[in-house]
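>
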Amino acid sequence: MNIYQQLFLRDLKVSIKRWSDLLTGIIMFALVAFIFPLIAGSDQDFMHRIIGPVILLSSLLASLISMQNIFKPDLNNGSLEQLVLSTHSLSGLVFIKILSYWISSSLPLVVVSSLIASAYYVTGIDIAKVMLTVLLATTTLVNINSLAAALTLGVRYPGALMTLILFPLSLPILIFGSKAIEYSILGMDISGPFYFLTGMMLLSFSLGPIATAFAIRISID
Amino acid sequence: MQSDVLQLDSASLFRDDQLIFSDISFELKSGDHLIIKGNNGSGKTSLIRTLCGLTQLTEGCVLWNHAPIDTISSDYYNHLAYLAHTNGLIPELTLLENLTYSLHKTDLDKDHSVLEGFQLKHSIQSPVATLSNGQSRKAALSFIIMSGKSLWVFDEPYANLDSQSIDYLNQRIAAHLSNNGMVITSTNREEVIPTTNLEITMS
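Chains as they are written, first to last, in the working numbering: chain A, 11 to 231; chain B, 32 to 234.
Okay, structure coming up:
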């Protein structure tokens, strides 16, 4: 078992033990998204128009809530330093951390988004398209989150700063994610937004870990 | 047997407009044990962190086998094992899981003796969060000893240790030094630590 597999399994095990932290993000996601049907739930056209922005916004807020859990616990127990002192590339190790964090924090959101889509009167194959949008969008969001979290590791109350870093960087994803969902529901050709989301996913998983590794080194200096 | 050398060359550190330490130099060869003494807040931890490459020096540099550690970090980290104030253990996992998923190579089968020596054998299935401070510290020390790295850097290793464990730790350090290892220890307690031949006092 090489070091990357070890780190991946270790982080997954730890996420499961810290399930209450994960639950916070999922609940936030569900709460924000379900409020709209509860308040204004009868107008089907209206629900179809807002589901895109609402789901993307809910993902963003959910990730904001749980962002500190990527690195803060490791900083506090000293394992982050040990990661930096590894003979292996820090970018590679951070990639594994971000990947395992995405699996534990965002895959549940993909499942929940199917329920949300039903609440917004979305039917059939469109629900799968909504789930796919959440899947793709969260991959980029999680990389932006990691970068923001790494940059604010040394800051005592990082909330405002994290938000300032997070929002501008995630706007393209929010816009194209909403468009993807909107086009799905209207039955239009979805390839444009989905290509964009996929491209952003590849870009963020290539550059994100490198930038995050740099940020970690700076923060623990 | 190849001899490694760690050198610190006129190092100074400024942080937040404060001078932490200035103009410190030493040369550590295989078999040497450096002890860094000083009161709380005198800069021991900062010095140790610069030796590990975690903190950047303002002036001077750290040399491993005559090369600056920034340029050869992967090779240097192959030889370095560092114990910080925090233990580097994941509290939610058991001791055994921490060992299995350790990112530094440990050879569990060969080195049961270390865990026995620190009386941790029976706690190996307990989550680290349930261990006492002293036990976690001993566990972290065991990981360093079992890592097989040649340069051990300890930041206040004797904190929270009972006298039996202190003796055992000194035994293992002595064994490591006679095996051509290198050890750096920082402490603020005045008890004599045997087998040191280099001293730095921080003020």
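We treat Cβ as the ideally placed atom computed from N, Cα and C, and that holds for glycine.
Bridge partners of Thr102/B, per DSSP?
Bridge partners of Thr102/B: none, in fact.
> I'd like to check one pair, His58/A with Ile220/A: are the Cβ atoms closer than 7 Å?
no
> Could you name the residues of chain A that Cys92/B contacts, counting a contact when the two beta carbons are closer than 8 Å?
Those do not exist, as Cys92/B stays about 16 Å from chain A at its closest Cβ, beyond 8 Å.
> Comparing C-alpha positions only, which one of Leu151/A, Asn87/A, Arg20/A, Asp53/A sits nearest to Ser214/A?
Leu151/A
> For Ile66/B, write down the residues that DSSP places opposite it in a beta bridge.
Thr216/B, Glu230/B
> Can you have a look at Glu192/A and say buried or exposed, based on whether 16 or more other CB atoms are within 10 angstroms of its CB?
buried
> Give every residue of the same chain whose Cβ lies closer than 8 Å to the Cβ of Pro118/A, excluding the five residues on either side of it in the sequence, and list them in chain order.
Here the set comprises Leu32, Ile36.
> How would you call Phe45/B, buried or exposed, if buried means at least 16 neighbouring beta carbons within 10 angstroms?
Looking at its Cβ environment, which holds fewer than 16 other Cβ atoms inside 10 Å, Phe45/B is exposed.
> Going by CA-CA distance only, name the one from Glu90/B, Asn191/B, Ser105/B that's closest to Ser41/B.
Glu90/B
> Considering Lys60/B, what are the terminal residues of the beta strand (DSSP E) in which it resides?
It spans 49 to 60 - the beta strand (DSSP E) in which Lys60/B sits, taken as one unbroken run.
> What does Ser43/B pair with, by DSSP beta-bridge criteria?
Glu90/B
> With 16 as the cutoff for other CB atoms within 10 Å, does His207/B come out buried or exposed?
His207/B should be labelled buried.
> Can you round the beta-carbon distance between Ser201/A and Leu66/A to whole angstroms, since I take them to be within the 8 Å contact cut?
Not really, about 19 Å apart at Cβ, beyond 8 Å.
> Is the segment 98 to 114 of chain B touching the segment 165 to 183 of chain B, taking contact as three or more C-beta pairs under 8 Å?
Yes, since at least three Cβ pairs between the segment 98 to 114 of chain B and the segment 165 to 183 of chain B fall closer than 8 Å, the two stretches touch.
> Grouping DSSP H, G and I as helix and E and B as strand, with all else coil, what is Tyr167/A?
The DSSP-derived three-state label of Tyr167/A is coil.
> For Lys27/A, which of Leu124/B, Leu120/B, His116/B has the nearest alpha-carbon?
Leu124/B
> Between the C-alpha atoms of Leu217/A and Asn79/A, what's the straight-line distance to the nearest angstrom?
21 Å
> Thr143/A to Leu109/A, Cα distance in whole Å?
18 Å
> Strictly under 7 Å for the Cβ-Cβ distance: is Asp231/A near chain B by that measure?
For Asp231/A, the answer is yes, since a Cβ of chain B falls inside 7 Å of its Cβ.
> Are there 16 or more other CB atoms within 10 angstroms of the CB of Trp29/A, so buried, or fewer, so exposed?
Counting of Cβ neighbours within 10 angstroms places Trp29/A among the exposed residues, the total staying below 16.
> Looking only at its own chain, which residues have a Cβ that is under 8 Å from the Cβ of Lys152/B, when we skip the five neighbours before and after it?
His143, Leu146
> Looking only at its chain, what residues have a beta carbon closer than 6 Å to the beta carbon of Ile231/B, apart from the 5 residues adjacent to it on each side?
Within the same chain, Ile231/B has close Cβ partners Ile67.
> Is Arg220/B buried or exposed, if buried means 16 or more other CB atoms sit within 10 Å of its CB?
The residue in question, Arg220/B, is exposed, as its Cβ has fewer than 16 Cβ neighbours within 10 Å.
> Excluding the five sequence neighbours on either side, which residues of its own chain have a C-beta within less than 7 Å of the C-beta of Asn71/B, listed in chain order?
Taking C-beta separations shorter than 7 Å and ignoring five residues to either side along the sequence, the partners of Asn71/B in its chain run Asn219, following chain order.
> Whole angstroms is fine: what's the gap from Gly164/A's alpha carbon to Asp231/A's?
9 Å
> Which partner residues of Asp186/B appear in the DSSP bridge assignment?
Ser217/B
> Start and end of the beta strand (DSSP E) containing Tyr113/B?
111 to 114
> Of all the residues that make up the segment 98 to 110 of chain B, which are near chain A by a beta-carbon distance shorter than 7 Å?
Ser105, Tyr108, Asn109
> Note down the Cα distance separating Ser100/A from Leu93/A, rounded to an integer number of angstroms.
One detail in the question is off: residue 100/A reads as Leu in this sequence, not Ser. The alpha-carbon of Leu100/A is positioned some 7 Å away from that of Leu93/A.
> Please confirm whether any heavy atom of the ligand FAD lies closer than 6 Å to the CB of Val132/A.
In the structure on display, the ligand FAD does not appear, and there are no ligands present to speak of.
> Would you kindly check if the distance between the Cβ of Ala127/A and the Cβ of Ile137/A is under 7 Å?
yes
> Measuring only the C-alpha atoms, how far is Ser156/A from Asp63/B?
41 Å
> From Phe174/B to Tyr14/A, what distance separates their C-alpha atoms?
19 Å
> How would you list, in chain order, the residues of chain B whose beta-carbon sits under 7 Å from the beta-carbon of Gln19/A?
Before going on, a small fix: residue 19/A reads as Leu here, not Gln. In chain order: Tyr132.
> Give me the chain B residues within the contact set of Thr97/A, using Cβ-Cβ distance strictly less than 7 Å, ordered along the chain.
Ser105, Tyr108, Asn109
> For Met11/A, count neighbouring C-beta atoms within 10 Å of its own C-beta (all shown protein chains included) and say buried if the count is 16 or more, exposed if not.
It is exposed - the Cβ of Met11/A has fewer than 16 other Cβ atoms within 10 Å.
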